[in-house]
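Participant: Those letters in the sequence shown? Residues 2 to 199, per the numbering used here, in order. For every residue, glycine included, the Cβ atom is placed at its ideal position computed from N, Cα and C. Please read these numbers as outputs of a predicted model, since none were measured by experiment. What follows is a single structure, and I will ask about it in a moment.
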Amino acid sequence: MSSEDLKLKRCHENVYDKMQLDYHDKYWGTPSKNARRLFEFLSLSGMQAGLNWWMVWKKRESFKLAFDDFEISKVANYSEHKILELIHNKSLIRNRTKINSIVNNAQRILLIEDEYVGFDEYLWSFVDNVPKVNSWNQNDIVPAVLEPAEEISQDMKLRGFKFCGPTIIYAYIQSVGLVNDHRIGCFKQGKLDFDLSR
Numbered sequence: 002m003s004s005e006d007l008k009l010k011r012c013h014e015n016v017y018d019k020m021q022l023d024y025h026d027k028y029w030g031t032p033s034k035n036a037r038r039l040f041e042f043l044s045l046s047g048m049q050a051g052l053n054w055w056m057v058w059k060k061r062e063s064f065k066l067a068f069d070d071f072e073i074s075k076v077a078n079y080s081e082h083k084i085l086e087l088i089h090n091k092s093l094i095r096n097r098t099k100i101n102s103i104v105n106n107a108q109r110i111l112l113i114e115d116e117y118v119g120f121d122e123y124l125w126s127f128v129d130n131v132p133k134v135n136s137w138n139q140n141d142i143v144p145a146v147l148e149p150a151e152e153i154s155q156d157m158k159l160r161g162f163k164f165c166g167p168t169i170i171y172a173y174i175q176s177v178g179l180v181n182d183h184r185i186g187c188f189k190q191g192k193l194d195f196d197l198s199r
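Next comes the structure, spelled out in structure tokens:
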């Protein structure tokens with residue numbers, strides 16, 4: 002980490018290790034329209050249910066490797082044999098229900114892509130294609146759920162998605178930048194450009 006990086010103001014000073022710093026600076030709140038990233042982060046958010054986010058994030062590379070870099074069409078067509086292979090993969094969180102939900106959600110995304118140009122268009126339509134920027138002070142407690150999470154969650158449930166309750170969805174839309182909850186004073190608070198990379 003460079004001395005310039007250390008000078009940047011962040012949401013919570015002095016509470017980051019290298020992994021958390023990387024996540025905060027490169028991912029959290031950065032708007033993405035990349036279908037694979039949107040699917041990947043939805044999958045990891047579902048995996049987090051009942052667990053600590055950092056436990057899941059530490060395994061990100063293992064998940065990407067095991068789930069074919071979250072290529073939606075591939076994951077949607079996983080066989081029972083492949084699912085069993087994932088359940089027995091010691092580098093993952095081996096929860097059958099959560100693993101099944103990732104495959105199911107890939108299938109739901111393919112159905113959405115029949116209706117919309119892509120999953121990104123569907124998701125971003127809930128915020129009229131513009132990230133919702135909140136203005137939280139350093140000591141504010143950010144609610145676990147704010148709109149548009151309830152609306153997205155309800156619609157996803159109707160479409161057959163799993164692990165898409167409003168709390169999970171709010172954390173998810175924070176992570177992919179539909180909502181920017183960086184604190185006032187943080188270098189990432191305010192308008193951010195879309196990350197067009199993977």
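1. Are Met20 and Lys59 closer than 8 Å when you measure CB to CB?
2. What does the Cβ neighbour count give for Lys74, buried or exposed, with the cut at 16 atoms within 10 Å?
3. Reducing DSSP to helix, strand and coil, say where Arg61 ends up.
4. When the Cβ atoms of the segment 35–55 are set against those of the segment 93–100, are three or more pairs found closer than 8 Å?
5. Within its chain, find whatever has a CB closer than 7 Å to the CB of Ser136; leave out the 5 residues flanking it on each side and keep chain order.
6. Suppose contacts are defined by Cβ-Cβ distances below 8 Å. Is Phe127 in contact with Ile153 by that definition?
7. Decide if Val131 is buried, meaning its Cβ has at least 16 other Cβ atoms within 10 Å, or exposed.
8. Buried or exposed, going by whether 16 or more other CB atoms sit within 10 Å of the CB of Trp55?
9. Taking a contact to mean a Cβ-Cβ separation below 8 Å, would you say Val44 touches Asn106 in this structure?
10. Compute the minimum distance between the beta carbon of Met48 and the heavy atoms of the ligand PLP, and state whether it is under 7 Å.
11. If you reduce the DSSP assignment to three classes, tell me which class Ser74 lands in.
12. Give the secondary structure of Asn181 by DSSP, where H, G and I count as helix, E and B as strand, and everything else as coil.
13. Answer yes or no: do Trp29 and Gln155 have a C-beta to C-beta separation smaller than 8 Å?
Facilitator: Straight from the coordinates:
1. Within the sequence shown, the letter at position 19 stands for residue 20. Within the sequence shown, the letter at position 58 stands for residue 59. Yes, Cβ-Cβ distance for Met20 and Lys59 is below 8 Å.
2. Your numbering for residue 74 matches position 73 in the sequence shown. Note that residue 74 is Ser in the sequence shown here, rather than Lys. Its Cβ having fewer than 16 others within 10 Å, Ser74 is exposed.
3. On the sequence shown, residue 61 is found 60 positions in, with the first residue counted as 1. Here Arg61 sits in helix by DSSP.
4. yes
5. Position 135 of the sequence shown, counted from the start, is the residue given in the question as residue 136. Correct list, in chain order: Ile185.
6. In the sequence shown, counting from the first residue as 1, residue 127 sits at position 126. In the sequence shown, counting from the first residue as 1, residue 153 sits at position 152. Yes, these two residues count as a Cβ contact at 8 Å.
7. For the purposes of this step, residue 131 is taken as residue 130 along the sequence shown, with counting starting at 1. Flag for Val131 reads exposed.
8. Walking along the sequence shown from the start, residue 55 turns up at place 54. Answer is exposed; the Cβ neighbour count stays below 16.
9. The residue labelled residue 44 in the question sits at position 43 within the sequence shown. The residue labelled residue 106 in the question sits at position 105 within the sequence shown. Looking at the sequence itself, residue 44 is Ser, so the reference to Val does not match. Yes, the Cβ-Cβ distance between Ser44 and Asn106 is below 8 Å.
10. Absence of the ligand PLP from the depicted structure is noted, as is the absence of any ligand whatsoever, leaving it without description.
11. On the sequence shown, position 73 is the one that residue 74 refers to. Ser74 falls in the helix class under three-state DSSP.
12. By 1-based counting over the sequence shown, the position of residue 181 is 180. Correct three-state label for Asn181: strand.
13. Position 28 of the sequence shown holds residue 29. Position 154 of the sequence shown holds residue 155. No; because the gap between Cβ atoms is not below 8 Å, this pair is not in contact.
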